[in-house]
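Numbering (mature numbering (1 follows the signal peptide of the UniProt record, and there is no 0)), first residue to last: -21 to -1, 1 to 108. Notes to accompany the following structure.
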């Protein structure tokens, strides 16, 4: 009976360790972005997790329904870390923030829709594994 105690302790220790995994964010697209004074949005997305920037997409000019081909990957992610996507409209003076999407990460592949505060929807997929 004493020989099972180290095994139980080992199992408890292993279950409490947070495993780091690879995050992949892809298939970013938006629909029905707002039009301001006859100007269609020049949109781009910044992607981050915690304090780590994963990068930003290219700008899609004059497109209320842009689709971005970029994929973002990062290796030091843990389940329950927060994924943040910020959608901007490029302007001459300063870029307008159209909305922020935040999501706690889970292991697996998920597709999400995020309704932006200034109008429109961001659609994206992520895989954590």
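Note that the Cβ used here is the ideal one computed from N, Cα and C, for glycine as well. None of the values given here were measured: they were computed from a predicted structure.
Spanning the alpha carbons of residue 4 and residue 98 requires a straight line of approximately 22 angstroms. In this structure, the alpha-carbon of residue 30 lies about 33 angstroms from that of residue 18. Taking each of 32, 36, 8, 46 in turn and checking the Cα distance to residue 61, the smallest one comes out for 32. Taken in chain order, the whole alpha helix (DSSP H) runs of length 4 or more contained in the segment 29 to 96 number zero.
Within its own chain, the residues whose Cβ lies closer than 6 angstroms to the Cβ of residue 45, once the five positions on either side in sequence are excluded, are 9, 22, 39, listed in chain order. The three-state reading of DSSP puts residue 12 in coil, since its state is none of H, G, I, E or B. At the C-beta level, residue 24 and residue 66 come within 8 angstroms of one another.
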